[in-house]
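The sequence shown finishes on residue 103 if you use the working numbering, and the numbering steps up by one all the way, no holes. Down below is the structure, laid out as structure tokens.
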Amino acid sequence: MAIIEHRGRQYEVDKDGFLVRFEEWDEGWVDYIKGSEGIRQLNDAHQKVIIALQEYCKKNKKPLHISNFSEVTGIQLRTVYDLFPSGYRKGAYKMAGLKDPGG
């Protein structure tokens, strides 16, 4: 495991840079990932994706598979790729503070 420091906070991450503990997720983490994604400013659509992923994972105790994303959330998958340059897994999931859903 590695430690990332951002805005005076430390975040423990796995080998791929995903948070080890969701409890560490906060606005500082979002800001860190936003910067690494090259996103200038988050908008309501970013927030909607993040919240949908977090709520699904909390409720179902498992990641939301990409093939079911649009059906479950009502959000077009293309939207996720427009919002998160590195995609569903490395962008949206990582920013949401969730464990890597796998390839």
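Think of the CB as a built atom: it goes at the ideal place given N, C-alpha and C, for glycine as much as any other residue. All values derive from a computational prediction rather than experimental measurement.
Self-check item: For A45, the three-state DSSP class (helix, strand or coil)
Solution: helix
Quiz item: Closest by CA to K90, which one among L64, S67, H46 and I33?
Solution: I33
Self-check item: CA nearest to the CA of G74, picked from R9, A96, V49 and G8
Solution: Comparing alpha-carbon positions, the option among R9, A96, V49 and G8 lying closest to G74 turns out to be V49.
Exercise. Give me whichever residues DSSP pairs with E23 in a beta bridge.
Key: The partner list for E23 (beta bridge, DSSP) is empty, contrary to what the question assumes.
Quiz item: In its own chain, which residues sit with a C-beta less than 7 Å from the C-beta of A45, not counting the 5 before and 5 after it?
Solution: T79 and L83
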